[in-house]
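Comments concern the structure below.
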DNA sequence: GTCTATATGTTGATAGAC
DNA sequence: GTCTATCAACATATAGAC
């Protein structure tokens, strides 16, 4: 390893992190490159040196999230379909929601992200895979609704300012308890 | 009643309805006045004849929703605090989510709307009142999380395309069942 | 009530100096 | 890698004719 390690907070990484924060607060369509640049104290052109377009920034932000979902799918696919798989899925989503808390959550339902996800092969592929693993042989209306409510509820409550005072550990426990009541 | 009745689809009403549809699909920040005008087959200037600004359109769209929430609060406030009030609240929200299905839902979490709500006295007042009636004397972490998850889950699942094939009646029943398991 | 035309600012994005 | 300067496209919003 003669080559020196990339600085801990590389310019590229800082752009991604600044974008993440602003996207979470103002949404993708409500966040301009000027806002991201101002937040970093640099110019728009410097942001464009790292990314060719806004879409590239958005993709760089959501890619790790989709990678996590992809891994979660792989894990739950090894479980038998039905209740065990459902329970592992919501438990995994609770971990993700806690880990990112109030940040990842925004992406669930952001129209600016939805559009980009649809046009990106990798993301939409994972998206389809996720939907497939969830709907697998599920004819039961009650179960399908419960899963849908659990997923959007987990993300929605993780970012709810009204319960922001609750610690990660307490929130995780409470969410798992809710999930168990819904799909267990 | 010498004066003739306003046409069923007045120009103003049509603008509101067109905005509602587009806001739900693209978000407030992702919807331009040009898009609304095009959707109605009229010009931007005609839209501005009905509303002085985009914010006015957004307010006109969300006001009825907040009026419904206001009424719901008044109803549940007459109930004893605790479980009975919580159950009535989620039941009322289920009715609202079903009634609007896939439309009202977007407003829950749209950054463009959140910002406007905060700056509008009426809306933010109702918002505060709603939060107060929910948090009333609730120290129990599990209950607070369950309520948060139920609320965002109800709205989120009502707009979930993955369960759009389920009829309103079936969805209402399934959501009420979920709500009961969470807060009952 | 609707239109065309326009004013004014902001957006995403590029060129080129340092 | 960062900057200033600039672009075309689009945003909200207004003026005034019909």
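Residue numbers (this note's numbering), protein chains in the order written: chain A, -5 to 178; chain B, -5 to 178. Every residue, glycine too, gets a C-beta built ideally from N, C-alpha and C.
Min CB distance residue 150 of chain B to chain A below 7 Å: Here the question's residue 150 of chain B lines up with position 156 in the second chain. With 7 Å as the cut-off, residue 150 of chain B counts as an interface residue toward chain A.
Could one say the Cβ of residue 176 of chain A lies closer than 7 Å to chain B's Cβ atoms, at least one of them? Within the first chain, residue 176 of chain A is the residue found at index 182, counting from 1. Closer than 7 Å: yes.
Alpha carbon to alpha carbon, how far is residue 54 of chain B from residue 98 of chain A? Give it in angstroms, no decimals. Taking the first residue of the first chain as position 1, residue 98 of chain A is located at position 104. Taking the first residue of the second chain as position 1, residue 54 of chain B is located at position 60. Rounded to whole angstroms, residue 98 of chain A to residue 54 of chain B spans 30 Å at the Cα level.
Cβ pair residue 96 of chain B, residue 141 of chain B closer than 7 Å: Here residue 96 of chain B refers to the residue found at position 102 when the second chain is read from its first residue. Here residue 141 of chain B refers to the residue found at position 147 when the second chain is read from its first residue. In this structure, residue 96 of chain B lies away from residue 141 of chain B, with their beta-carbon atoms at least 7 Å apart.
What whole-angstrom Cβ distance do residue 45 of chain A and residue 36 of chain A have, given they're in contact under 8 Å? Position 51 of the first chain, counting from 1, holds the residue named residue 45 of chain A. Position 42 of the first chain, counting from 1, holds the residue named residue 36 of chain A. Contact check for residue 45 of chain A and residue 36 of chain A: beta-carbon distance about 13 Å, past the 8 Å limit, so the pair fails to qualify.
First and last residue of the uninterrupted alpha helix (DSSP H) at residue 52 of chain B: Within the second chain, residue 52 of chain B is the residue found at index 58, counting from 1. DSSP places residue 52 of chain B in the uninterrupted alpha helix (DSSP H) bounded by 48 to 71.
I'd like the list of long-range same chain contacts for residue 137 of chain A, defined as Cβ closer than 8 Å, with 5 residues on each side in sequence excluded. By one-based count along the first chain, residue 137 of chain A stands at place 143. 80 and 177.
Using a Cβ-Cβ cut-off of 7 Å, state whether residue 163 of chain A counts as contacting chain B. Along the first chain, read from residue 1 onward, the residue named residue 163 of chain A stands at position 169. Residue 163 of chain A is outside the set of residues whose beta carbon lies under 7 Å from a beta carbon in chain B.
Inter-residue Cα distance where the pair is residue 114 of chain A and residue 7 of chain A: The residue you call residue 114 of chain A lines up with position 120 of the first chain. The residue you call residue 7 of chain A lines up with position 13 of the first chain. One C-alpha to the other measures close to 21 Å.
If you draw a straight line from the C-alpha of residue 42 of chain B to the C-alpha of residue 101 of chain B, how long is it? Taking the second chain and counting its residues from 1, the one referred to as residue 42 of chain B is at position 48. Taking the second chain and counting its residues from 1, the one referred to as residue 101 of chain B is at position 107. Distance between the alpha carbons of residue 42 of chain B and residue 101 of chain B: 23 Å.
Given 8 Å as the limit, is there contact between the region 76 to 93 of chain A and the region 144 to 162 of chain A, that is, 3 or more CB pairs closer than that? Result yes; three or more Cβ-Cβ pairs closer than 8 Å.
Check whether the Cβ atoms of residue 92 of chain B and residue 162 of chain B sit closer than 7 Å, and answer yes or no. Position 98 of the second chain holds residue 92 of chain B. Position 168 of the second chain holds residue 162 of chain B. With respect to the 7 Å criterion, residue 92 of chain B and residue 162 of chain B are classified as neighbours on the basis of their beta carbons.
Enumerated in chain order, which unbroken segments of the beta strand (DSSP E) with a length of 3 residues or greater are wholly contained in the region 75 to 110 of chain A? If we require 3 residues or more, the region 75 to 110 of chain A turns out to have no beta strand (DSSP E) run fully inside it.
Using a Cβ cut-off of 7 Å (strictly closer), state whether residue 117 of chain B contacts chain A. For the purposes of this step, residue 117 of chain B is identified with residue 123 of the second chain, where counting begins at 1. Answer no: the Cβ-Cβ gap between residue 117 of chain B and chain A never drops below 7 Å.
Candidates B:75, B:78, B:10 and B:65, of which the one nearest residue 47 of chain B by Cα: Position 53 of the second chain, counting from 1, holds the residue named residue 47 of chain B. Selected option, being the one with the closest Cα: B:10.
Tell me the rounded alpha-carbon separation between residue 21 of chain A and residue 111 of chain B. As a working mapping, residue 21 of chain A is identified with position 27 in the first chain. As a working mapping, residue 111 of chain B is identified with position 117 in the second chain. Rounded to whole angstroms, residue 21 of chain A to residue 111 of chain B spans 16 Å at the Cα level.
Identify the continuous alpha helix (DSSP H) that holds residue 121 of chain A and give its terminal residues. Sequence index remark: in the first chain, residue 121 of chain A carries index 127 (1-based). In the DSSP annotation of this structure, the continuous segment of the alpha helix (DSSP H) that includes residue 121 of chain A starts and ends at 115 to 129.
7 Å Cβ cut-off: residues of chain B touching residue 12 of chain A: As a first step, residue 12 of chain A is located in the first chain; it is residue number 18 there, counting from the start. None at all; the shortest Cβ gap to chain B is about 16 Å.
Under a three-way DSSP split, which group does residue 153 of chain A fall into? Numbered from its first residue, the first chain carries residue 153 of chain A at position 159. Correct three-state label for residue 153 of chain A: coil.
Keeping to the same chain, check which residues put their C-beta closer than 7 Å to that of residue 27 of chain B; ignore five residues upstream and five downstream. Here residue 27 of chain B corresponds to residue number 33 of the second chain, with the count starting at 1. Cβ within range, chain order: 38, 41 and 48.
Roughly how many angstroms lie between the CA atoms of residue 19 of chain A and residue 105 of chain B, to the nearest whole one? As a first step, residue 19 of chain A is located in the first chain; it is residue number 25 there, counting from the start. As a first step, residue 105 of chain B is located in the second chain; it is residue number 111 there, counting from the start. Taking the straight line joining both Cα atoms gives about 7 Å.
Where the alpha helix (DSSP H) through residue 12 of chain A begins and ends: Along the first chain, one-based indexing puts residue 12 of chain A at 18. It spans 5 to 20 - the alpha helix (DSSP H) in which residue 12 of chain A sits, taken as one unbroken run.
Can you list the residues of chain A that residue 42 of chain B reaches, using a CB-CB cut of under 8 Å? As a working note, residue 42 of chain B is residue 48 in the second chain. Neighbours of residue 42 of chain B in chain A, taken as residues at a C-beta separation under 8 Å, are lacking, since the least C-beta distance is about 22 Å.
In whole angstroms, what is the alpha-carbon distance linking residue 62 of chain B and residue 94 of chain B? Locating residue 62 of chain B in the second chain gives position 68, where the first residue counts as 1. Locating residue 94 of chain B in the second chain gives position 100, where the first residue counts as 1. Cα to Cα, residue 62 of chain B sits roughly 11 Å from residue 94 of chain B.
With burial defined as no fewer than 16 other Cβ atoms inside 10 Å of the residue's Cβ, what is the status of residue 150 of chain A: buried or exposed? Counted from its first residue, the first chain places residue 150 of chain A at position 156. Here residue 150 of chain A is buried: its Cβ has 16 or more other Cβ atoms, across all protein chains shown, within 10 Å.
Neighbouring residues, chain B, relative to residue 169 of chain A (Cβ below 8 Å): As a working mapping, residue 169 of chain A is identified with position 175 in the first chain. Chain B residues near residue 169 of chain A: 139 and 143.
Who are the neighbours of residue 160 of chain B on chain A, taking C-beta pairs under 8 Å? The residue labelled residue 160 of chain B in the question sits at position 166 within the second chain. Those are 135, 138 and 139, listed as they occur along chain A.
First through last residue of the alpha helix (DSSP H) which encompasses residue 40 of chain B: For this step, residue 40 of chain B is matched to residue 46 along the second chain. First-last of the alpha helix (DSSP H) with residue 40 of chain B: 38 to 44.
Look at the alpha carbon of residue 73 of chain A and the alpha carbon of residue 89 of chain A, and state the distance between them as a whole number of angstroms. On the first chain, position 79 is the one that residue 73 of chain A refers to. On the first chain, position 95 is the one that residue 89 of chain A refers to. Going by C-alpha positions, residue 73 of chain A is about 18 Å away from residue 89 of chain A.
Spatial neighbours of residue 75 of chain B in its chain, beta-carbon cut-off 8 Å, leaving aside the 5 residues before and after: The count along the second chain starts at 1 and reaches residue 75 of chain B at position 81. Excluding sequence neighbours, residue 75 of chain B sits near 130 and 131.
In chain B, which residues lie less than 9 Å from residue 113 of chain A when you measure between Cβ atoms? The residue you call residue 113 of chain A lines up with position 119 of the first chain. Chain order gives no chain B residues near residue 113 of chain A, where near means a beta carbon separation below 9 Å; the closest approach is about 15 Å.
Note down, in chain order, each residue of its chain lying with its Cβ closer than 6 Å to the Cβ of residue 25 of chain A, except the 5 sequence neighbours on either side. Here residue 25 of chain A refers to the residue found at position 31 when the first chain is read from its first residue. Close CB contacts of residue 25 of chain A within its chain, under the 6 Å cut and outside five residues either way in sequence, are with 16 and 17 (chain order).
Quick check: what's the CA-CA separation for residue 108 of chain B versus residue 60 of chain B? Mapped onto the second chain, residue 108 of chain B falls at position 114. Mapped onto the second chain, residue 60 of chain B falls at position 66. The alpha-carbon atoms of residue 108 of chain B and residue 60 of chain B are separated by roughly 12 Å.
DSSP state of residue 173 of chain A, grouped into three classes? The residue labelled residue 173 of chain A in the question sits at position 179 within the first chain. In the structure shown, residue 173 of chain A sits in a helix (DSSP, three-state: H, G or I).
Give a yes or no on whether the minimum CB-CB distance between residue 3 of chain B and chain A is below 7 Å. Reading the second chain from its first residue, position 9 is the one you call residue 3 of chain B. It does not: the Cβ of residue 3 of chain B has no partner Cβ on chain A nearer than 7 Å.
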